[in-house]
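Peer 1: Mind having a look at this structure? Questions to follow.
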Amino acid sequence: MQDQYRTRPVEQGHAGRPWRRLAEACAVIVGLAVLGPAHADKPYQYYVVGNPADASPSQPPREPSALLMGGGPDVDAAFQWMISRAGGGDFVVIRATGTDAYNPYIYAMGGVDSVETLIIPSRDAANDPFVIDRINKAEALFIAGGDQSDYINFWKGTGVEQAINGLIARKVPIGGTSAGLSVLGQFDFAALNGTVYSDDALSNPYTKRVTLDRGFITAPGLDFVITDAHLDTRDRMGRLVTFLARIVQDGWSGMARGIGVDVETALAVAGTSATRLGSGSVYFLQTNGLPQVCQPRTPLTYRNVGVQRLSGSGRFDLQNWRGYDGATSNYNLSAESGMLYSTQTGGAIY
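If you count the sequence shown from 1, you need to add 705 to reach this note's numbering.
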């Protein structure tokens, strides 16, 4: 299967440029505390808009929650949903590169005490006591787009990872877009050797560009799950099927699941119930035993991977892995000698 964007440079993730609300946000923050870049002599950058003091919400979160955003233009309703679960507290954005562009965008929506951005571009920064303290005190945490290999290389096994796991244990809402989404599952496409196109992954599941990781964070509801963003516009279904094949072939799990999210789309997870937000679809994949052929330098054959597509306003049960009341359209995908086939009418992959 040919990648539709093969001739165009492919980012590892959305850089976060929420311009739609920028003019409004600039008006809102006039007269408020806007600090940044603070701590200029430190290995990190820190920006805050709103109240720089720590918030103290009266009620802790009642259930775990997560936000899975598929990249591209940000979904306003998704951030509003996440804010609604933050209890009026401090909303923290973390990233390895980029700017504080999310600060005014999110703050203009209201309902938070402050919005902070931490740019954490090294392991030194990821072990800095100030960085760890700010994450520990978050009432919502969002991982921006960028390059997920930075998040694995810079944050895995550091104080940042420990702090994020602490938030998850306290049921603080966790979210991410694009590269930030890619590190939320139990299994991750780490992109340590750059991106991989679907046709390359299907033709050789062990190409050096298929770099998977299983040692970073796991957001609520994402046990046994690997995620992928920009699914439709970058034609990533083939590589997602390949990732699942590798997970079970390599013995990481007897069963693996995938969640692929279209651009301008998000999946809001509350407990074990998930709802789609935005304009695209969310795809839920599940393996069916071991691949028939999954070995180096040999095209993949993997039959009958189950797919459930959520495109409307229904809900999906992550625990039982099924749509509620017919919310999904269901079909199977099969890789045959490196080519991807679908049981949908007309053979549509998506």
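Yeah, the Cβ is synthetic: ideal placement off N, Cα and C, and Gly gets one too.
In three-state terms, what does DSSP make of E821?
Peer 2: As a position in the sequence shown, residue 821 is number 116, starting the count at 1. Strand, per DSSP.
Peer 1: Given that a residue counts as buried once 16 or more other Cβ atoms are within 10 Å of its Cβ, and exposed if not, what is Q1000?
Peer 2: Working through the sequence shown from its first residue, we reach residue 1000 at position 295. Result: exposed.
Peer 1: I'd like to check one pair, A771 with V974: are the Cβ atoms closer than 8 Å?
Peer 2: As a first step, residue 974 is located in the sequence shown; it is residue number 269 there, counting from the start. As a first step, residue 771 is located in the sequence shown; it is residue number 66 there, counting from the start. A contact, by the Cβ cut-off of 8 Å.
Peer 1: Name the two residues that bound the continuous alpha helix (DSSP H) containing Y810.
Peer 2: Here residue 810 corresponds to residue number 105 of the sequence shown, with the count starting at 1. First-last of the alpha helix (DSSP H) with Y810: 807 to 812.
Peer 1: Could you tell me the distance, in whole angstroms, from the CA atom of S1042 to the CA atom of P910?
Peer 2: The residue labelled residue 1042 in the question sits at position 337 within the sequence shown. The residue labelled residue 910 in the question sits at position 205 within the sequence shown. Using only the alpha carbons, I get a separation of about 11 Å.
Peer 1: Could you tell me the distance, in whole angstroms, from the CA atom of L972 to the CA atom of V820?
Peer 2: Translated into the one-based positions of the sequence shown, residue 972 becomes position 267. Translated into the one-based positions of the sequence shown, residue 820 becomes position 115. Their backbone Cα atoms lie some 22 Å apart in a straight line.
Peer 1: Kindly indicate which three-state DSSP category T1050 falls into: helix, strand or coil?
Peer 2: Here residue 1050 refers to the residue found at position 345 of the sequence shown. Here T1050 sits in helix by DSSP.
Peer 1: Within 10 Å of its beta-carbon, does G1028 have 16 or more other beta-carbons around it, so buried, or fewer, so exposed?
Peer 2: Against the sequence shown, residue 1028 aligns to sequence position 323. Buried is the call here.
Peer 1: Exposed or buried, what is D746 when buried is set at 16 or more other beta-carbons lying within 10 Å of its beta-carbon?
Peer 2: Counting from one through the sequence shown, the residue named residue 746 turns up at place 41. By the 10 Å Cβ count, D746 comes out exposed.
Peer 1: For my contact list, D893 and Q954 are in at a C-beta cut-off of 8 Å; report their separation, rounded to the angstrom.
Peer 2: Here residue 893 refers to the residue found at position 188 of the sequence shown. Here residue 954 refers to the residue found at position 249 of the sequence shown. The pair is not a contact, with the Cβ atoms about 17 Å apart (cut-off 8 Å).
Peer 1: Report the residue ranges of all beta strand (DSSP E) runs contained in full by the region 820 to 900; include only those spanning at least 3 residues, in chain order.
Peer 2: Whole beta strand (DSSP E) segments, 3+ residues: 845 to 848, 879 to 882.
Peer 1: Going by DSSP, what residues sit across from E1041 in a beta bridge?
Peer 2: The count along the sequence shown starts at 1 and reaches residue 1041 at position 336. Looking at the DSSP assignment, E1041 forms a beta bridge with M1044.
Peer 1: Locate the beta strand (DSSP E) running through G791, then write down its first and last residues.
Peer 2: As a working note, residue 791 is residue 86 in the sequence shown. Looking at the sequence provided, one finds Ala at residue 791 rather than Gly. From DSSP, A791 is part of no beta strand (DSSP E); its letter is neither H nor E.
Peer 1: Give every residue of the same chain whose Cβ lies closer than 6 Å to the Cβ of T916, excluding the five residues on either side of it in the sequence, and list them in chain order.
Peer 2: As a first step, residue 916 must be located in the sequence shown, where it is residue number 211. Excluding sequence neighbours, T916 sits near A895, L897, N898.
Peer 1: Can you tell me which of P834, T980, Y902, N756 puts its alpha carbon nearest to the alpha carbon of L936?
Peer 2: Sequence index remark: in the sequence shown, residue 936 carries index 231 (1-based). Of the candidates P834, T980, Y902, N756, the one whose C-alpha sits nearest the C-alpha of L936 is Y902.
Peer 1: According to DSSP, is L945 part of a helix, a strand, or is it coil?
Peer 2: Here residue 945 corresponds to residue number 240 of the sequence shown, with the count starting at 1. DSSP places L945 in helix when its eight states are reduced to three.
Peer 1: Rounded to a whole number of angstroms, what is the C-alpha to C-alpha distance between L945 and E768?
Peer 2: If you number the sequence shown from 1, residue 945 lands on position 240. If you number the sequence shown from 1, residue 768 lands on position 63. Roughly 29 Å separates the two Cα atoms.
Peer 1: Provide the residue span of the beta strand (DSSP E) that contains S770, from first to last.
Peer 2: In the sequence shown, residue 770 corresponds to position 65, counting from 1. Counting along the chain, the beta strand (DSSP E) containing S770 begins and ends at 770 to 774.
Peer 1: Would you mind reading off the limits of the beta strand (DSSP E) that contains D933?
Peer 2: Looking up residue 933 in the sequence shown gives position 228. 930 to 933 is the extent of the beta strand (DSSP E) around D933.
Peer 1: Beta-carbon separation of Q991 and R1008 under 8 Å?
Peer 2: For the purposes of this step, residue 991 is identified with residue 286 of the sequence shown, where counting begins at 1. For the purposes of this step, residue 1008 is identified with residue 303 of the sequence shown, where counting begins at 1. The answer is no: Cβ separation not under 8 Å.
Peer 1: State the DSSP-derived secondary structure class of E729, mapped to helix, strand or coil.
Peer 2: To locate residue 729, count along the sequence shown from 1; it is residue 24. Residue confidence is low: E729 scores 45 on pLDDT, short of 50, so the model does not pin down where it sits. Its coordinate-derived value is still stated next. E729 falls in the helix class under three-state DSSP.
Peer 1: Taking DSSP as the reference, what is the three-state secondary structure of D955?
Peer 2: Along the sequence shown, one-based indexing puts residue 955 at 250. Here D955 sits in coil by DSSP.
Peer 1: Per DSSP, what are the beta-bridge partners of I799 in this structure?
Peer 2: As a position in the sequence shown, residue 799 is number 94, starting the count at 1. Answer is L823, I848, bridged to I799.
Peer 1: Can the beta-carbon of A1040 be found closer than 8 Å to that of L995?
Peer 2: Numbered from 1 along the sequence shown, position 335 holds the residue referred to as residue 1040. Numbered from 1 along the sequence shown, position 290 holds the residue referred to as residue 995. Going by C-beta atoms, A1040 is not nearer than 8 Å to L995.
Peer 1: Please return the same chain residues whose Cβ sits closer than 6 Å to the Cβ of N1035, not counting the five positions on each side in sequence.
Peer 2: The sequence position of residue 1035 within the sequence shown is 330, counting from 1. Closer than 6 Å at Cβ, skipping near neighbours: Q1013.
Peer 1: Closer than 6 Å by C-beta to W724: which residues in its own chain qualify, once you throw out the five before and the five after it? Chain order, please.
Peer 2: For the purposes of this step, residue 724 is identified with residue 19 of the sequence shown, where counting begins at 1. At W724 the pLDDT is 40, less than 50, meaning the model places this residue with poor confidence and gives no usable figure here.
Peer 1: For L972, does the three-state DSSP call read helix, strand or coil?
Peer 2: Here residue 972 corresponds to residue number 267 of the sequence shown, with the count starting at 1. L972: strand per DSSP, three-state reduction.
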